[in-house]
Amino acid sequence: MTLSFNDVRRIADLAYIETNEEEAHMALAQLSEIFNLIEKMQAVDTSAVEPMSHAQDVVQRLREDVVTESDQREQFQEIAPQVEEGLYLVPKVIE
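The sequence shown begins at 196 in my numbering and counts up by one.
Written out as structure tokens, the structure is:
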């Protein structure tokens, strides 16, 4: 895909980005390089490559699911400003 100078100016206008002529030419050069790289990457035959979720074959180490904290709910509710039926009451913020 090739971009023209007018395309870059139009994109900048749509994105509400103010650019002068020099910045637009620099953006055109950078975008052209990006599009050329994309074209090269799309030209590579990847039909024999199996999709993967990560570039390296990594596995997460999992730990045993064990409770490590003691239940302190009663202690926390004792010091709370307002509690009703085991729930913390907070002031209404939105009416």
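For each residue, glycine too, the CB sits at the ideal point set by N, CA and C.
On a predicted model such as this, the values are computed, not experimentally measured, just so you know.
{"Check": "Where L284 falls, given that 16 or more other Cβ within 10 Å makes a residue buried", "Outcome": "exposed"}
{"Check": "Cutoff 8 Å; reference A222; Cβ partners in own chain excluding five residues on either side", "Outcome": "V203, A207, T214"}
{"Check": "Proximity of L198 and L226 at Cβ, strictly below 8 Å", "Outcome": "yes"}
{"Check": "Minimum length 4: unbroken alpha helix (DSSP H) runs contained in the stretch 211-280", "Outcome": "216-238, 268-274"}
{"Check": "DSSP beta-bridge partners of L282", "Outcome": "E279"}
{"Check": "I289 - DSSP class collapsed to helix/strand/coil", "Outcome": "coil"}
{"Check": "Proximity below 8 Å, CB of Q270 to CB of V278", "Outcome": "no"}
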